[in-house]
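If you want our numbering, it's the position in the sequence shown, counting the first as 1, plus 30.
Glycine included, C-beta positions come from ideal geometry on N, C-alpha and C.
To keep things clear, I will list the structure first and then write my remarks on it.
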Amino acid sequence: MNRSLAPAVVLVSLVAAGCAQPQRPFRFELSQGGGAPIDAVAGALASEGYPPAEVDRQTGVMSTQWQDTGFLYGYIDQVATTIVRRWIVVVSTSGPRPQVILRMDAKNCVPGGFSIGELDFRRCVQMEGMVETHQRELDELGHKLEKALGASNAAG
31 MNRSLAPAVV LVSLVAAGCA QPQRPFRFEL SQGGGAPIDA VAGALASEGY
81 PPAEVDRQTG VMSTQWQDTG FLYGYIDQVA TTIVRRWIVV VSTSGPRPQV
131 ILRMDAKNCV PGGFSIGELD FRRCVQMEGM VETHQRELDE LGHKLEKALG
181 ASNAAG
């Protein structure tokens with residue numbers, strides 16, 4: 031591609047993708063079945079291709095490994111960035127039925143400016159919102175987890 035056209039192509043991609051919007055976490059309730067809810071949710075997450083990288087049983091919070099989505103969005107020092115993300119799942123057992131909340135943690139990173147394996151994000155900034163494509167992916171994953179766990183969607 032002509033180097034002088036590259037910024038225009040990235041700009042068109044960003045405009046077509048839309049602006050980042052506030053994230054809408056996906057929430058649902060688990061049935062009152064036996065076993066440890068966090069283990070069931072971790073298993074369902076892994077079966078969808080996102081095995082938890084970290085699980086904190088005390089807080090009920092788990093996260094997947096960071097992944098480069100390949101989605102170009104934004105700039106750092108006039109260099110186009112890609113969105114790097116992980117899924118965060120919170121399992122709360124404080125109410126009558128365990129609650130599950132799925133959300134996305136995302137960063138804009140300069141390609142080559144981060145190392146996922148070592149979690150060395152040298153040239154990244156935290157994203158405050160998310161693009162609609164990623165919101166749809168979050169909702170789709172939430173529905174799959176909800177179905178796999180025989181759960182019901184909670185309002186909110």
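Residue i: CB within 6 Å of a non-hydrogen atom of the ligand PLP
| i | result |
| --- | --- |
| Tyr105 | By its list of ligands, the structure shown contains no ligand whatsoever, and the ligand PLP lies outside what it can speak to. |
Alpha-carbon to alpha-carbon, residue j and residue i
| i | j | result |
| --- | --- | --- |
| Gln53 | Ile106 | 22 Å |
| Pro55 | Tyr80 | 17 Å |
| Val130 | His164 | 19 Å |
| Gly180 | Arg127 | 13 Å |
| Lys174 | Trp96 | 20 Å |
| Ala178 | Thr123 | 19 Å |
| Cys49 | Arg166 | 14 Å |
| Glu170 | Glu78 | 11 Å |
| Glu158 | Trp117 | 15 Å |
| Val39 | Leu60 | The predicted model places Val39 with a pLDDT of 37, which falls under 50 and marks its position as unreliable, so this point remains unresolved. |
| Val155 | Asp135 | 11 Å |
DSSP beta-bridge partners of residue i
| i | result |
| --- | --- |
| Tyr105 | Ala110 |
| Pro82 | Thr94 |
| Gln51 | Met160 |
Residue i burial status per 10 Å Cβ neighbour count (16 or more: buried)
| i | result |
| --- | --- |
| Thr209 | With the chain running from 31 to 186 in the structure shown, residue 209 is simply not present. |
| Glu176 | buried |
| Thr112 | buried |
| Arg87 | exposed |
| Val109 | exposed |
| Ala187 | One cannot answer for residue 187 here, as it falls past the ends of the chain, which runs 31 to 186. |
| Ala70 | buried |
| Ala83 | exposed |
Range of the contiguous alpha helix (DSSP H) that encloses residue i
| i | result |
| --- | --- |
| Leu254 | The question about residue 254 has no answer, for the chain in this structure spans 31 to 186. |
| Ala66 | No alpha helix (DSSP H) contains Ala66, which DSSP labels as neither H nor E. |
Inside the segment 107-184 only - beta strand (DSSP E) runs reaching at least 3 residues:
109-122, 129-139, 154-156, all fully within the segment 107-184.
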